[in-house]
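I have placed the structure first, in the form of structure tokens, so that the comments after it can refer back to it.
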Amino acid sequence: MIKTRHALMAALLPAVLAGCGGAEATTGTSEVKVLRYQGSPGAVTYAELAEELGYLGDLKLKWVGNTTSGPQDIQSAATGQTDFGGAFNGAIVKLKAARAPIKAVVGYYGSDQDTFNGYYVKDDSPIRTARDLIGKKIGVNTLGAHHEAVIKEYLKRQGLTPDEIKQVQLVVIPPVNTEQAVRQGQLDAGTLGGVLRDKALERGGLRPLFTDVDLFGPFTAGSIVLREDFIADNPTTTRTFVTGFAKAVAWAQTHSRAEVVGTFERIIAKRGRNESAETVRFWKSTGIAGKGGVIAPKEFGTWIDWLTREGELRPGQVEPDDLYTNAFNPYAAGSAS
Numbered sequence: 008m009i010k011t012r013h014a015l016m017a018a019l020l021p022a023v024l025a026g027c028g029g030a031e032a033t034t035g036t037s038e039v040k041v042l043r044y045q046g047s048p049g050a051v052t053y054a055e056l057a058e059e060l061g062y063l064g065d066l067k068l069k070w071v072g073n074t075t076s077g078p079q080d081i082q083s084a085a086t087g088q089t090d091f092g093g094a095f096n097g098a099i100v101k102l103k104a105a106r107a108p109i110k111a112v113v114g115y116y117g118s119d120q121d122t123f124n125g126y127y128v129k130d131d132s133p134i135r136t137a138r139d140l141i142g143k144k145i146g147v148n149t150l151g152a153h154h155e156a157v158i159k160e161y162l163k164r165q166g167l168t169p170d171e172i173k174q175v176q177l178v179v180i181p182p183v184n185t186e187q188a189v190r191q192g193q194l195d196a197g198t199l200g201g202v203l204r205d206k207a208l209e210r211g212g213l214r215p216l217f218t219d220v221d222l223f224g225p226f227t228a229g230s231i232v233l234r235e236d237f238i239a240d241n242p243t244t245t246r247t248f249v250t251g252f253a254k255a256v257a258w259a260q261t262h263s264r265a266e267v268v269g270t271f272e273r274i275i276a277k278r279g280r281n282e283s284a285e286t287v288r289f290w291k292s293t294g295i296a297g298k299g300g301v302i303a304p305k306e307f308g309t310w311i312d313w314l315t316r317e318g319e320l321r322p323g324q325v326e327p328d329d330l331y332t333n334a335f336n337p338y339a340a341g342s343a344s
């Protein structure tokens with residue numbers, strides 16, 4: 008099914024891109040100055056933070072709605088419905104393998120000791136090891152992204168065979184429903200992160216089976232992508248945007264939690280989308296490994312290896328250098344001036 012979707016995307020992209028460019032694009036030698044993007048309710052993106060801090064110069068952001076998932080967000084960017092999007096690096100690898108003309112330019116989320124995704128079971132669950140998950144159900148937010156990749160890597164490292172791994176059933180469920188589904192026994196295990204994890208653990212009765220940071224250590228898990236034609240046609244805008252985004256990440260990495268949360272609350276109040284700021288009050292860290300979101304080769308190499316093992320990529324089909332560039336990120340050269 009996944010391979011079929013990739014083939015369809017590869018067939019559709021040329022036709023879609025031929026007519027894209029967006030309502031905010033300009034003609035002649037002028038570069039785009041208004042960037043369309045998708046957000047998330049009750050959350051603040053680093054692009055929005057960059058705009059609030061004055062890091063985007065003469066660029067403006069135009070919110071066109073909320074994304075449903077990382078893969079959807081980068082597909083919207085690839086097909087010209089938006090100008091940038093972000094997703095798990097493994098999802099970027101798969102979309103690039105389907106010949107989507109995208110390039111990752113800066114990291115935007117990840118895992119560390121404060122910010123991570125855990126895979127939880129009830130305290131009285133008999134599940135103690137990876138082998139205990141054979142024939143069981145694990146709740147994830149979407150397939151083909153971060154949570155699926157981490158689960159399968161965990162199962163592989165714990166010695167399960169490919170056939171045994173296939174017997175572990177991944178069930179797509181909205182994150183807000185995961186805790187209840189685990190407690191009621193509809194799921195044997197569930198993925199929890201951020202405020203949903205914190206609240207669930209406060210209520211007690213759950214324990215972690217493993218976490219993504221346990222497996223990989225601190226790592227940047229997802230990146231922002233631009234279309235390659237956008238980069239070629241708008242080099243100054245691209246540099247301004249990536250620089251501003253990177254500076255916003257660095258600002259959040261180096262300022263106090265209270266300052267970051269207060270700024271996020273101010274942004275949510277100003278944008279007037281009839282949403283709650285409760286979630287951002289639980290913000291702890293960026294989770295991003297590289298200063299200013301600088302991308303490391305292993306942050307794509309890990310998932311290329313995984314997808315190759317899964318049979319979704321041919322050996323050598325894509326390489327990390329095909330997928331990302333740090334050329335526009337000032338922190339890659341040790342300067343943010």
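With the numbering used here applied, the sequence shown corresponds to residues 8 to 344, in that order.
Positions of the beta carbon are idealized from the N, C-alpha and C atoms, including for glycine.
What you are looking at is a predicted structure, and each value in this text was computed from that prediction instead of being measured.
Here DSSP, grouped into helix, strand and coil, assigns Y62 to coil. Its Cα nearest to that of I311, the residue G151 stands out among E266, T270 and G151.
Sequence-distant partners of T286 (beyond 5 residues in either direction) whose C-beta falls short of 8 angstroms from its own C-beta, in its chain, are G49, A50, G201 and V202. Contact annotation: G72 and G46 have beta-carbon atoms nearer than 9 angstroms. By the Cβ rule, the region 286 to 305 does not count as touching the region 192 to 199, because fewer than three pairs are nearer than 8 angstroms. For I134, the secondary structure class from DSSP, reduced to helix, strand or coil, is coil. By the CB criterion at 9 angstroms, E272 and A284 fall inside the cutoff. With contact defined as three or more Cβ pairs closer than 8 angstroms, the region 140 to 148 and the region 172 to 186 are in contact. By the criterion of at least three beta-carbon pairs nearer than 8 angstroms, the region 309 to 327 is not in contact with the region 106 to 126.
The continuous stretches of alpha helix (DSSP H) do not include G229, which lies in the beta strand (DSSP E) extending over residues F226 to R234.
Beyond the five residues adjoining it in sequence on each side, S83 comes within less than 6 angstroms, by CB distance, of T89 and G92 in the same chain, given in chain order. Rounded to whole angstroms, V220 and T227 show a C-alpha spacing of 10 angstroms. Excluding its 5 nearest sequence neighbours in each direction, L68 has C-beta neighbours in its own chain below 7 angstroms: L42, Y44, A54, E55 and E58, listed in chain order. Around the beta carbon of E209, fewer than 16 other beta carbons lie within 10 angstroms, which makes this residue exposed. Residues of the same chain with a CB within less than 8 angstroms of the CB of G64, apart from the 5 flanking positions on each side, are T247 and G251 in chain order.
Distance between G61 and G279, taken at the CA atoms: about 19 angstroms. Here the alpha carbons of N336 and D130 stand approximately 45 angstroms from one another.
With respect to L167, V157 sits apart: the two C-beta atoms are not nearer than 9 angstroms. For K101, the enclosing alpha helix (DSSP H) has its first and last residue at N96 to A104. Contact check for V112 and T332: beta-carbon distance about 6 angstroms, within the 8 angstroms limit, so the pair qualifies. Uninterrupted alpha helix (DSSP H) stretches at least 4 residues long and entirely within the region 245 to 322 occur at 264 to 278 and 305 to 316, given in chain order.
Using a 10 angstroms sphere on the CB of D205, the tally of other CB atoms stays under 16, which defines it as exposed. Under the criterion of beta carbons closer than 8 angstroms, L222 and Y127 do not qualify as touching, at roughly 15 angstroms. The alpha-carbon of I99 is positioned some 14 angstroms away from that of E235. In this structure, the alpha-carbon of P215 lies about 25 angstroms from that of R264.
Under the DSSP assignment, A84 falls in the alpha helix (DSSP H) whose first and last residues are G77 to A85.
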